[in-house]
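Residue numbers (my numbering): 10 to 261. Encoded as structure tokens, the structure appears first; notes follow it.
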């Protein structure tokens, strides 16, 4: 007896194609999710590594111990083969940037990740790690002239997991989110703050009650240490430059 071979009907073929399409889309979405997760993990791991090195270097300077990082100024010139306790916070930040210049932006490997600047969060790209002297809240660059041997020296380190950090508003997940800055706000007692858009950590001594108190505790002398507040209003091309475009939108 002959067997009758029946082919797929058009409807059945369309169903199969639809199923394959669904499976493919699920796979792509999952892969994209894993890729983003992996990039974020690299970024956060680099951020943690840099913060630990800063912590160790400040502790060494506080105790008169040798540094293992060469000192650079803001123009990228080597000042000394090793930093010492009289190195200013500003030079310290640029020295750390030079030391970690091999850390690449996981979202664009053509760029370095670490940037020393005093620009607002809204002007940073995802994958950038911003390093800035930070003696007082809302005053990026304040304390740039403080010697690192002083307990009053403080730095802020921010890793951007999304464009514009807490000003990333297209999906509303990080719309101007920040811990309270009064009383026991993060800038005084909470060293680390993490959300879906950025990680930040304060490294160094406690915030002083006033700028004058910080300057006194630092032993700051303008003739030796230069300006107290140091502004860096640009991001190097090597780190991708600043994020342009309207606040709340992806960087252009």
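Even glycine gets a Cβ: it sits at the ideal position worked out from N, Cα and C. Since the model is a prediction, treat every value here as computed from it, not as a measurement.
- Looking at the DSSP output, residue 165 bridges to 141 and 211.
- Residue state for residue 92 is assigned as coil, using DSSP reduced to three classes.
- With fewer than 16 other Cβ atoms inside 10 Å of its own Cβ, residue 111 counts as exposed.
- Taking a contact to require three or more Cβ pairs closer than 8 Å, the region 139 to 151 and the region 76 to 91 do not qualify as touching.
- Annotation for residue 152: 98, 142, 143, 144, 145, 161, 162, 163, 223, 227, 237 and 238 place their beta carbon closer than 8 Å to its own, counting only its chain and skipping 5 residues before and after.
- Residue range 98 to 108 is occupied by the alpha helix (DSSP H) that includes residue 99.
- Note on geometry: alpha-carbon atoms of residue 231 and residue 154 lie some 8 Å from one another.
- In this chain, the alpha helix (DSSP H) harbouring residue 233 covers 231 to 234.
- Check the Cα spacing between residue 121 and each of 45, 250 and 174: the tightest is with 250.
- Here the alpha carbons of residue 29 and residue 57 stand approximately 42 Å from one another.
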